[in-house]
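First the structure, in the form of structure tokens, and then the observations on it.
Protein chains: 2
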Amino acid sequence: MIGRKLALRLAADGVLAGRAVSQLSLVDVVEPARPAGAGLEVVTRTADLCDPDTVRALVAGRPDVVFHLAAVVSGEAEADVDKGYRVNLDASRLLLEAIRAAGPEYVPRVVFSSSIAVFGPPFPEAIGDDHCTAPLTSYGTQKAIVELLLSDYTRRGFLDGVAIRLPTICVRPGTPNLAASGFFSSIIREPLNGREAVLPVPDDVRHWFASPRAAVGFLLRAAELTAEELGARRALTMPGVSATVGDEIEALRRVAGEEAVARIRREPDPAILRIVDTWPGRFDPRRALELGFRAEADFGEIVRVYLEDDLPVAAAGA
Amino acid sequence: MIGRKLALRLAADGVLAGRAVSQLSLVDVVEPARPAGAGLEVVTRTADLCDPDTVRALVAGRPDVVFHLAAVVSGEAEADVDKGYRVNLDASRLLLEAIRAAGPEYVPRVVFSSSIAVFGPPFPEAIGDDHCTAPLTSYGTQKAIVELLLSDYTRRGFLDGVAIRLPTICVRPGTPNLAASGFFSSIIREPLNGREAVLPVPDDVRHWFASPRAAVGFLLRAAELTAEELGARRALTMPGVSATVGDEIEALRRVAGEEAVARIRREPDPAILRIVDTWPGRFDPRRALELGFRAEADFGEIVRVYLEDDLPVAAAGA
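Protein sequences, first through last, are from chains A and B. Heads up: the first sequence runs through residues 8 to 325, numbered per the working numbering. Heads up: the second sequence runs through residues 8 to 325, numbered per the working numbering.
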């Protein structure tokens, strides 16, 4: 989803890190959507990043910037340990190794979408930039490991990596995925589209959010930062909005009224709560703010971004 | 070296975590030394832990406690990136996977020797238990990754892991190895044995130390802690002595006089200083102290441990 929005934005801008984009190469396990009306060359490929030859072939084109967003989501990585490690860790390592093997002159910027799931309790009141990564999910573990690899490969000059720890992206458009965090979006999206949503956790669950639009902005900013700006620590916690499920519901009420809120059905799910309870609710992402990364100001703004960017599309499709 | 001392101690005690030891199985890439006079069954094996079949065969004996100390040292992991990742990361993962595959009823305590090299600058005045792992060496990166795997595999019930972040072990007996930290020991050991030692860094370099005897104590303590005592975070920074190279030299002067100190030859090595400068000098290892891990009180005590445990052996061999 973020990849599709990023491709649309790149196709529209035609510029990345101050340079004209000559080619956009989109790779996914399913056929990637081709951004409409792109004024630049777009190549789409269906490929399994778990295959070394495939990864080598992708790197052979020597892109200047690689956005690595592919992942098995949290719920699935928890349910299928082998698949999670294979896709989230091994395939990422294959990519880093393929880039290294294409060197030593080839040192692309590699932007890796990490996650705040690299953190685990107990948490301080607000998690600072030098807090330990102590994940309590396999997904968070795999992300934290790739962050370490990316920093080491960067230090050694094999590539020029940046890992951005994304907040939970909200409001996600489209249909629910297997992420345990899916309800954070569906309790806004589904009621706004006239459908019922299930809420599996209590109202006081606090979490850290940013919109898909903000996430695309993070990725673009990560692509343009210089090595001097970044320094040696290449994993950055992204800014976001600290909000409870209750705050979400209030924001929904303000834009769509009681009728929309009534479409949220409370159905406690201890398995989901167990995962979500290991996730942090508030950060102090000083480095990212200093480096110019920007998220929304409050949850109301996050809902407005959905109304502007995605609800029209959803309405047109309905 | 630590493995050999641990084996000697286990053979002498005959007890681990409150239970009689029935068998001691020693595995290394070179033929392990058989502890003399052991009153229990000792099996020694020469094996390459990078081979999956070998690792499976080792696990087939279903030891109750596995001490995983094998590693390519820091200097070598920096010089040979592939070997470092193969031995320090991939072989460790093979071991964890082999234990997982032998389950689900088999859930041994796995004690992994990690290192303070998982930390990288900038450092606070004293590094606390929830400080981030941001290594600036490949060795530290590999150790940090195995810590993450160990915690996740423990959480999932595949094994029962504890990673202990060892201080720099000092005074190391015997001959220098390829570790960049080797001089911290050799400037004490060599003069005490009437030989010259090379000091490649300035006197004000501060570092975090514990004796080999303390390290063996850490490993034994890590083997006996209960899951309740340990909680979810299975990587523990060990206590140690914060001392400068100057403090080391003073301790040497006190036990062996000016003549011994004169055997230290200053020969600045920017490559070694570059690595050592990324290492921390002071910790606040509260959790480990609460859990009963104990190091020496000062560097003088570290020198005394060498005089008691190792100098007689070195003298006998000379």
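Beta carbons: idealized from backbone N, C-alpha and C, even for Gly.
Chain B contact residues for A:Val88, given Cβ-Cβ distances below 8 Å: Here residue 88 of chain A refers to the residue found at position 81 when the first sequence is read from its first residue. Those are Arg163, listed as they occur along chain B.
Short-range partners of chain B found in the stretch 66 to 90 of chain A, where Cβ spacing is below 8 Å: Val88
Residues sharing a beta bridge with B:Ala217, DSSP: To locate residue 217 of chain B, count along the second sequence from 1; it is residue 210. In the DSSP output, where bridge partners are listed per residue, B:Ala217 has B:Ile176.
Of the listed residues B:Ala45, B:Ile106 and B:Ala43, nearest to B:Pro70 (C-alpha basis): The residue you call residue 70 of chain B lines up with position 63 of the second sequence. Minimum Cα distance to B:Pro70 is reached at B:Ile106.
Collapsed DSSP secondary structure at A:His126 in the structure displayed: In the first sequence, the residue the question calls residue 126 of chain A occupies position 119. At residue 126 of chain A the sequence reads Phe, which differs from the His that was named. Here A:Phe126 sits in coil by DSSP.
8 Å CB neighbourhood of A:Glu132 in its chain, flanking five on each side removed: Taking the first residue of the first sequence as position 1, residue 132 of chain A is located at position 125. Correct list, in chain order: Arg289.
8 Å Cβ cut-off: residues of chain B touching A:Gly168: Taking the first sequence and counting its residues from 1, one reaches residue 168 of chain A at position 161. Residues of chain B passing the Cβ test: none, with the nearest at roughly 13 Å.
Contacts that B:Gly44 makes with chain A (C-beta to C-beta distance below 9 Å): Mapped onto the second sequence, residue 44 of chain B falls at position 37. Residues of chain A passing the Cβ test: none, with the nearest at roughly 43 Å.
Beta-carbon neighbours of B:Leu17, restricted to chain A and to distances below 9 Å: Here the question's residue 17 of chain B lines up with position 10 in the second sequence. None at all; the shortest Cβ gap to chain A is about 31 Å.
Proximity test, Cβ basis, 8 Å: B:Thr148 and chain A: Position 141 of the second sequence, counted from the first residue, corresponds to residue 148 of chain B. Yes, because at least one Cβ of chain A sits closer than 8 Å to the Cβ of B:Thr148.
Residue environment, B:Leu156, which counts as buried when at least 16 other CB atoms sit within 10 Å: Numbered from 1 along the second sequence, position 149 holds the residue referred to as residue 156 of chain B. So B:Leu156 counts as buried.
Residue from B:Glu48, B:Pro142, B:Glu274 and B:Val34 whose Cα sits closest to the Cα of B:Leu76: Here the question's residue 76 of chain B lines up with position 69 in the second sequence. Considering only alpha carbons, the answer is B:Val34.
Residue-chain proximity (A:Leu33, chain B), Cβ-Cβ < 8 Å: The sequence position of residue 33 of chain A within the first sequence is 26, counting from 1. A:Leu33 does not count as touching chain B.
Short CB-CB distance (under 8 Å) between A:Thr140 and chain B: Here residue 140 of chain A corresponds to residue number 133 of the first sequence, with the count starting at 1. So yes, A:Thr140 belongs to the interface.
Proximity of A:Ser218 and A:Cys177 at Cβ, strictly below 8 Å: Position 211 of the first sequence, counted from the first residue, corresponds to residue 218 of chain A. Position 170 of the first sequence, counted from the first residue, corresponds to residue 177 of chain A. Against a cut-off of 8 Å, the Cβ pair of A:Cys177 and A:Ser218 comes out as a contact.
Of the residues A:Asp167, A:Glu265 and A:Arg202, the one placed nearest A:Pro183, counting alpha carbons only: Translated into positions along the first sequence, residue 183 of chain A becomes position 176. Of A:Asp167, A:Glu265 and A:Arg202, the residue nearest in Cα terms is A:Arg202.
A:Ile152 at chain B interface by Cβ criterion, 8 Å: On the first sequence, position 145 is the one that residue 152 of chain A refers to. True, the Cβ-Cβ gap to chain B drops below 8 Å.
7 Å Cβ cut-off: residues of chain B touching A:Asp284: Position 277 of the first sequence holds residue 284 of chain A. Per Cβ cutoff of 7 Å: no residues; A:Asp284 is ~12 Å from chain B at best.
For A:Arg41, three-class secondary structure by DSSP: Along the first sequence, read from residue 1 onward, the residue named residue 41 of chain A stands at position 34. Coil, per DSSP.
Through-space distance from B:Ala267 to B:Asp276, alpha-carbon basis: For this step, residue 276 of chain B is matched to residue 269 along the second sequence. For this step, residue 267 of chain B is matched to residue 260 along the second sequence. Cα to Cα, the separation comes out at about 22 Å.
Cβ of B:Thr218 within 8 Å of any chain A Cβ: Working through the second sequence from its first residue, we reach residue 218 of chain B at position 211. Position check: residue 218 of chain B holds Ser in this sequence, whereas Thr was assumed. So no, B:Ser218 is outside the interface.
Interface flag, B:Ala234 vs chain A, CB-CB below 8 Å: Along the second sequence, one-based indexing puts residue 234 of chain B at 227. Cβ-Cβ to chain A under 8 Å: no for B:Ala234.
CB contact below 8 Å: A:Ala325 versus chain B: Along the first sequence, read from residue 1 onward, the residue named residue 325 of chain A stands at position 318. Confidence at A:Ala325 is low in this model, with a pLDDT of 47, below 50, so its placement is unreliable and the value that follows should be read with caution. Answer no: the Cβ-Cβ gap between A:Ala325 and chain B never drops below 8 Å.
Supposed close pair A:Pro174, A:Ala302 - CB separation, criterion 8 Å: Here the question's residue 174 of chain A lines up with position 167 in the first sequence. Here the question's residue 302 of chain A lines up with position 295 in the first sequence. About 7 Å; that satisfies the 8 Å criterion.
Candidates A:Ala78, A:Val283 and A:Val94: closest to A:Phe190 by CA position: For this step, residue 190 of chain A is matched to residue 183 along the first sequence. For the residues A:Ala78, A:Val283 and A:Val94, the minimum Cα distance to A:Phe190 belongs to A:Val283.
Chain A contacts made by the stretch 51 to 67 of chain B, where a contact means CB separation under 7 Å: none
Below-8 Å beta-carbon distance, B:Ser145 vs any chain A residue: Mapped onto the second sequence, residue 145 of chain B falls at position 138. Yes, its Cβ sits closer than 8 Å to a Cβ of chain A.
Straight-line Cα distance separating B:Pro42 from B:Leu15: If you number the second sequence from 1, residue 15 of chain B lands on position 8. If you number the second sequence from 1, residue 42 of chain B lands on position 35. Approximately 5 Å, taken between the alpha carbons.
Within 8 Å, strictly: CB atoms of B:Phe216 and B:Gly168: Numbered from its first residue, the second sequence carries residue 216 of chain B at position 209. Numbered from its first residue, the second sequence carries residue 168 of chain B at position 161. Contact flag unset, no.
Test: A:Thr102 CB closer than 8 Å to a CB of chain B: Here the question's residue 102 of chain A lines up with position 95 in the first sequence. The sequence shown places Leu at residue 102 of chain A, rather than the Thr named in the question. Output row for A:Leu102: interface = no.
Assumed close pair A:Val66, A:Ala124 - CB separation to whole angstroms, cut-off 8 Å: Against the first sequence, residue 66 of chain A aligns to sequence position 59. Against the first sequence, residue 124 of chain A aligns to sequence position 117. The pair is not a contact, with the Cβ atoms about 27 Å apart (cut-off 8 Å).
B:Val50 to B:Ala186 span [Cα, whole Å]: Residue 50 of chain B sits at position 43 when you count from the first residue of the second sequence. Residue 186 of chain B sits at position 179 when you count from the first residue of the second sequence. If I take the Cα positions, the gap works out to 29 Å.
Anticipated Cβ contact below 8 Å, B:Ala242 with B:Ala170, distance rounded: On the second sequence, residue 242 of chain B is found 235 positions in, with the first residue counted as 1. On the second sequence, residue 170 of chain B is found 163 positions in, with the first residue counted as 1. Contact holds; Cβ gap of about 4 Å.
8 Å Cβ cutoff, A:Val22 in contact with chain B: Position 15 of the first sequence holds residue 22 of chain A. With 8 Å as the cut-off, A:Val22 does not count as an interface residue toward chain B.
Bridge partner(s) assigned by DSSP for A:Asp35: Here residue 35 of chain A is taken as the residue at index 28 of the first sequence, counted from 1. For A:Asp35, which the question treats as bridged, DSSP gives the partners A:Thr53.
Alpha-carbon to alpha-carbon, A:Ala278 and A:Asp305: As a first step, residue 305 of chain A must be located in the first sequence, where it is residue number 298. As a first step, residue 278 of chain A must be located in the first sequence, where it is residue number 271. For A:Asp305 and A:Ala278, the distance between alpha carbons rounds to 28 Å.
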